[in-house]
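Scroll down for the structure; my scribbles are underneath it.
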Amino acid sequence: MDPLYQFKIERWVEFKLFGLDLAFTNSAFFALVATLSVIVFLAIGSRKRELVPGRLQLMSELLYGFVANIVRSTMGPAGWKFFPLTFSIFAFVLACNLLGMVPYFFTVTSHIAVTLALSMMVFIIVIGYGLYKHGFKFFKLFAPSGLPILMYILIIPVEIISFLSRPLSLAVRLFANMMAGHALMKVFAGFVVMLSGAGGVLTVFAIVPLLTNSAVIGLEFLIAFLQAYVFTLLTCIYLNDIVQEHVGH
0 MDPLYQFKIE RWVEFKLFGL DLAFTNSAFF ALVATLSVIV FLAIGSRKRE
50 LVPGRLQLMS ELLYGFVANI VRSTMGPAGW KFFPLTFSIF AFVLACNLLG
100 MVPYFFTVTS HIAVTLALSM MVFIIVIGYG LYKHGFKFFK LFAPSGLPIL
150 MYILIIPVEI ISFLSRPLSL AVRLFANMMA GHALMKVFAG FVVMLSGAGG
200 VLTVFAIVPL LTNSAVIGLE FLIAFLQAYV FTLLTCIYLN DIVQEHVGH
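0 is the number of the first residue of the sequence shown in numbering that gives the first Met the number 0; add one for each residue after it.
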């Protein structure tokens, strides 16, 4: 069994518009499923606002409070305007990650195209809002004040490279973790099947990759949550650079 076959993009419905390929794929389908799952979950969870919350209401409130704490701790009150964005990102990434744990489901976040699109969206918002709020003072982000003039020759290129690498590092971190984890699960599952089918004494040894794969699956659920958290946290940190009143100070 090829452990990378699970990441293959399958074209389900061919569609082109003005020469642009807009085929509906398995990746698009499960991204849509993830989005609808979040909407339905939050709609049901917030439908009845009871004093003693039920399980769904409690889970939705915990999710809301968790992301709210991230926003408050990284950006403060000034960053609250970005709460809808950060909450949407966290919920979508978490839903995609968890859906990918279901057998025969597609892991949307295991593709660099998806994670890069998300990180580029954040990157464009940071630049756009930064220029809108601070104008040309936004570029002071690359030249912190209070340094000797000669230091700027070194600092400015480093700051620019660091800034431009943010979307790539954000995308690769999520994509690599999800892809590597799912490939590892497939490899151990393949060992279980091979040893079980070998017969004889080798069948007994199938318990080793089986137990290992069980541990990896448990770890992957944790990683699914952690990667959604890290992606959201870094998004807030990047947004914090431009929500502050004194950029570059």
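Yeah, the Cβ is synthetic: ideal placement off N, Cα and C, and Gly gets one too.
Only a predicted model underlies this, so the values are computations on that prediction, with no experimental measurement involved.
List the DSSP bridge partners of residue 24. Taking the first residue of the sequence shown as position 1, residue 24 is located at position 25. DSSP, once it has assigned bridges, lists 10 as partnering residue 24.
Counted within 10 angstroms of its Cβ, other Cβ atoms place residue 166 as buried (16 or more) or exposed: Taking the sequence shown and counting its residues from 1, the one referred to as residue 166 is at position 167. Burial call: buried.
Return helix, strand or coil for residue 47, following the three-state DSSP convention. Locating residue 47 in the sequence shown gives position 48, where the first residue counts as 1. Correct three-state label for residue 47: coil.
How far does the alpha helix (DSSP H) with residue 240 in it extend, from its first residue to its last? To locate residue 240, count along the sequence shown from 1; it is residue 241. Per DSSP, residue 240 belongs to the alpha helix (DSSP H) from 206-242.
For residue 104, tell me which candidate among 181, 71, 210 has the shortest Cα-Cα distance. The count along the sequence shown starts at 1 and reaches residue 104 at position 105. Of the listed residues, the one whose Cα sits closest to residue 104 is 181.
Exposed or buried, residue 43, counting other C-beta atoms within 10 Å across all chains shown (16 or more means buried)? Taking the sequence shown and counting its residues from 1, one reaches residue 43 at position 44. Flag for residue 43 reads exposed.
I want to know whether the region 129-142 touches the region 52-62 - three or more CB-CB distances under 8 angstroms. Remark: fewer than three beta-carbon pairs, one from each stretch, lie closer than 8 angstroms, so the region 129-142 and the region 52-62 are not flagged as touching.
Do we get a CB-CB distance below 8 angstroms when we pair residue 150 with the residues of chain B? Absent here is chain B; the protein component of the structure consists of one chain.
For residue 16, write down the residues that DSSP places opposite it in a beta bridge. Along the sequence shown, read from residue 1 onward, the residue named residue 16 stands at position 17. In DSSP, residue 16 forms a bridge with 19.
Helix, strand or coil: which one does DSSP assign to residue 156? Within the sequence shown, the letter at position 157 stands for residue 156. Three-state DSSP puts residue 156 in a helix.
Per-residue burial, residue 107 [other beta carbons within 10 Å of its own, 16 or more giving buried]: Looking up residue 107 in the sequence shown gives position 108. Buried, since its Cβ has 16 or more Cβ neighbours within 10 Å.
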